[in-house]
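Residue numbers (our numbering): 181 to 795. All residues carry an ideal CB built from backbone N, CA and C; glycine is no exception. Written below as structure tokens is the structure these notes are about.
Right under this line is the structure:
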């Protein structure tokens with residue numbers, strides 16, 4: 181057996197360069213690069229190793245470990261999970277900064293390879309700088325925090341252990357069902373230790389997506405259930421996009437007279453103007469989608485994990501006899517709430533389901549209702565997004581301005597707060613992957629780093645990041661990274677002076693405005709933050725606009741800019757779209773001295789009665 185002597189870190193770097201994938205007939209690197217912030221736990225080992233392969237596997241330097249992992253996650257999501265990135269940190273805070281990002285990837289089923297440094301395997305300098313000491317367990321390190329938020333975790337304490345560990349890692353990262361974050365904690369001394377690795381370990385390997393075909397019995401049962409439906413309705417999740425099933429879904433819906441509601445992850449599965457697309461579904465859904473979802477007797481869930489924002493906390497599907505057909509590559513998701521499982525890749529599953537249904541079509545009365553509801557919603561939506569002269573516009577009015585100045589191929593990126601709800605309802609996505617939302621973990625601070633990852637995945641598309649002042653203040657450092665890497669973003673920063681979304685939720689559940697908007701905090705002086713000046717200090721072009729008209733003009737200029745632009749606009753924290761949507765289960769105190777809370781509790785108990793627990 182031919183071998184090559186390398187350090188463990190060098191073996192990792194060489195192995196990553198050998199992993200490839202095929203996209204549109206072209207073989208490309210599976211790993212788009214490695215994000216690295218070096219410290220004593222990885223600079224000598226991984227740092228030297230990555231330097232040696234820098235021409236084949238680029239290393240990118242970020243400003244925050246959580247931010248760089250968000251960028252890697254967004255890159256993989258925008259690449260339909262066909263390509264991915266790795267992230268390496270030192271031990272201690274560098275590693276634990278990535279734990280939140282690992283949770284984002286875990287919840288959203290996104291592949292990312294995390295390579296945090298770890299303590300010395302030989303324990304000679306024990307305790308090393310930044311080492312967490314457990315008084316009762318000598319094997320614990322800070323990296324144990326990654327275990328519950330990793331699909332696969334391993335700690336590498338001997339150089340040869342990387343061989344099975346990387347093989348297992350790749351199996352998870354490329355598996356459509358088990359896909360998610362992999363953490364390989366790399367002991368600092370082991371990174372630098374040499375081993376005679378078999379050369380076959382570094383042979384080029386091309387990874388192609390596995391397309392699981394449906395079981396014949398499950399397929400027959402699903403087709404029979406749908407064939408007997410009078411009011412069928414499709415819920416399209418992120419699995420549609422990861423499978424590349426948009427056209428198949430569009431053809432399926434059109435052939436069988438079906439309407440589609442899109443989850444946050446599934447939005448842009450169909451063009452907004454496709455006759456079958458009723459837009460967002462669930463808590464932040466359109467009136468059209470939710471009207472059909474409430475009445476549907478068969479819900480065909482495709483590539484969705486059916487979280488509470490999609491199901492209205494399991495109170496949206498109100499038809500007493502309704503059944504769910506859950507087409508999902510992951511059996512765990514396909515069996516939720518007593519669904520009839522159809523375990524399959526989305527594209528293959530839809531194709532075979534359509535063949536099984538033959539010429540069957542949904543009843544014309546149901547089709548007519550869907551058309552009427554779509555027309556009604558689009559007319560309603562326009563009222564919320566039309567231009568305004570208001571001194572403090574709403575989020576929806578800002579969204580309208582961004583939409584009017586955008587191109588059909590643009591990508592809008594957002595994450596937490598009130599904006600995801602308004603975007604889910606109102607944004608008109610024309611092209612697949614044109615709507616990039618991190619709402620599985622709803623992670624504040626994802627937006628700018630995520631926008632950077634999207635731009636790196638598809639540099640030919642304009643990327644528009646919409647972010648509130650709260651999220652911007654939590655994490656804005658990768659704006660400087662976008663400048664450094666020449667990855668242009670347009671950032672629209674909506675300043676409502678606090679956490680407007682949670683303030684509205686607080687009020688809706690009977691609470692007083694407290695500790696969310698800046699004016700309601702414990703303070704001596706209210707901050708007067710010049711966001712435009714801050715963005716400029718990071719190297720971005722920036723300006724503050726005072727109206728929707730000025731915003732539209734600034735957005736047009738930003739399209740022609742050579743580097744990232746940040747446009748700041750003040751918005752009203754109290755206004756949100758009061759049409760569409762659905763109840764969401766947020767527990768209200770059972771006992772309170774305040775009448776507003778007691779009233780909210782009574783309303784909450786009434787709403788709870790509509791939940792279908794375990795059904």
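{"Item": "Rounded to whole angstroms, what is the Cα-Cα separation between residue 538 and residue 424?", "Value": "23 Å"}
{"Item": "Buried or exposed: where does residue 726 fall if 16 or more other Cβ atoms within 10 Å of its Cβ makes it buried?", "Value": "exposed"}
{"Item": "Assuming contact is defined by CB atoms lying nearer than 7 Å, are residue 464 and residue 605 in contact in what I supplied?", "Value": "yes"}
{"Item": "Along the chain, where does the beta strand (DSSP E) containing residue 296 start, and where does it finish?", "Value": "292-298"}
{"Item": "Please list, in chain order, all residues of the same chain as residue 369 whose beta carbon is under 7 Å from its beta carbon, the five residues on each side excluded.", "Value": "300, 301, 302"}
{"Item": "Based on DSSP bridge pairs, tell me the residues matched to residue 363.", "Value": "294, 333"}
{"Item": "Which term fits residue 656, buried or exposed, when burial requires 16 or more other beta carbons within 10 angstroms of its beta carbon?", "Value": "buried"}
{"Item": "Given residue 735, which residues of its chain have a CB within under 6 Å of its CB, disregarding the five upstream and five downstream residues?", "Value": "585"}
{"Item": "Could you give the DSSP three-state label for residue 722: helix, strand or coil?", "Value": "strand"}
{"Item": "Since I believe residue 624 is in contact with residue 597 (beta carbons under 8 Å), could you give me their beta-carbon distance rounded to a whole number of angstroms?", "Value": "7 Å"}
{"Item": "Straight-line CA distance for residue 509 to residue 568?", "Value": "45 Å"}
{"Item": "State the Cα-Cα distance for the pair residue 376 and residue 219, rounded to the nearest angstrom.", "Value": "27 Å"}
{"Item": "Quick test of your reading: residue 217 and residue 248, contact by CB under 8 Å. State the CB separation rounded to the nearest angstrom.", "Value": "7 Å"}
{"Item": "Please say whether residue 352 and residue 332 have beta carbons closer to each other than 7 Å?", "Value": "yes"}
{"Item": "Can you check the stretch 495-565 for any alpha helix (DSSP H) of at least 4 residues that lies completely inside it and give the ranges in chain order?", "Value": "511-514, 526-537, 544-565"}
{"Item": "Who are the near neighbours of residue 428 in its chain, counting only those whose CB is closer than 7 Å to its CB and skipping five residues on each side?", "Value": "527, 530, 531"}
{"Item": "Taking a contact to mean a Cβ-Cβ separation below 7 Å, would you say residue 581 touches residue 398 in this structure?", "Value": "no"}
{"Item": "Just to confirm the assignment: which complete alpha helix (DSSP H) runs, minimum length 4, are found wholly within the stretch 580-628?", "Value": "599-606"}
{"Item": "Need the endpoints of the alpha helix (DSSP H) that residue 682 sits in, please.", "Value": "680-688"}
{"Item": "From 711, 261, 748, 768, pick the residue whose C-alpha is nearest to that of residue 421; which is it?", "Value": "261"}
{"Item": "Cβ atoms of residue 364 and residue 295: under 7 Å apart, would you say?", "Value": "yes"}
{"Item": "Is it true that the CB of residue 701 sits closer than 7 Å to the CB of residue 780?", "Value": "no"}
{"Item": "Which same chain residues end up closer than 6 Å to residue 417 when comparing Cβ atoms and leaving out the 5 residues on each side of it in sequence?", "Value": "443, 445, 446, 483, 484"}
{"Item": "Please report the straight-line C-alpha distance between residue 644 and residue 323, rounded to a whole angstrom.", "Value": "34 Å"}
{"Item": "With the cut-off set at 7 Å, would you say residue 127 and residue 452 are in Cβ contact?", "Value": "With the chain covering only 181 through 795, there is no way to say anything about residue 127."}
{"Item": "For the stretch 676-691 against the stretch 647-655, do three or more pairs of beta-carbon atoms, one drawn from each stretch, fall closer than 8 Å, so that the two count as touching?", "Value": "yes"}
{"Item": "Does any CB atom of chain C fall closer than 7 Å to the CB of residue 663?", "Value": "In summary, chain C is missing from the structure at hand, where a single protein chain is found."}
{"Item": "Around the C-beta of residue 770, are 16 or more other C-beta atoms found within 10 angstroms, so that it is buried, or is it exposed?", "Value": "exposed"}
{"Item": "Taking the beta carbon of residue 366 as the centre, do at least 16 other beta carbons fall within 10 Å, making it buried, or is it exposed?", "Value": "buried"}
{"Item": "So which of 244, 579, 557 has the shortest CA-CA distance to residue 565?", "Value": "579"}
{"Item": "Could you pull the start and end residues of the beta strand (DSSP E) that residue 482 belongs to?", "Value": "478-482"}
{"Item": "How long is the line joining the alpha carbons of residue 224 and residue 438, rounded to whole angstroms?", "Value": "58 Å"}
{"Item": "Run the CB neighbour count on residue 288, radius 10 Å, all protein chains shown included, and call it buried at 16 or more, exposed below.", "Value": "buried"}
{"Item": "Looking only at its own chain, which residues have a Cβ that is under 7 Å from the Cβ of residue 381, when we skip the five neighbours before and after it?", "Value": "195, 343"}
{"Item": "Sorry if obvious, but does the Cβ on residue 224 come closer than 6 Å to a heavy atom of the ligand SAM?", "Value": "As far as ligands go, the structure on display features none, and thus does not contain the ligand SAM."}
{"Item": "The beta strand (DSSP E) that contains residue 646, what's its start and end?", "Value": "643-648"}
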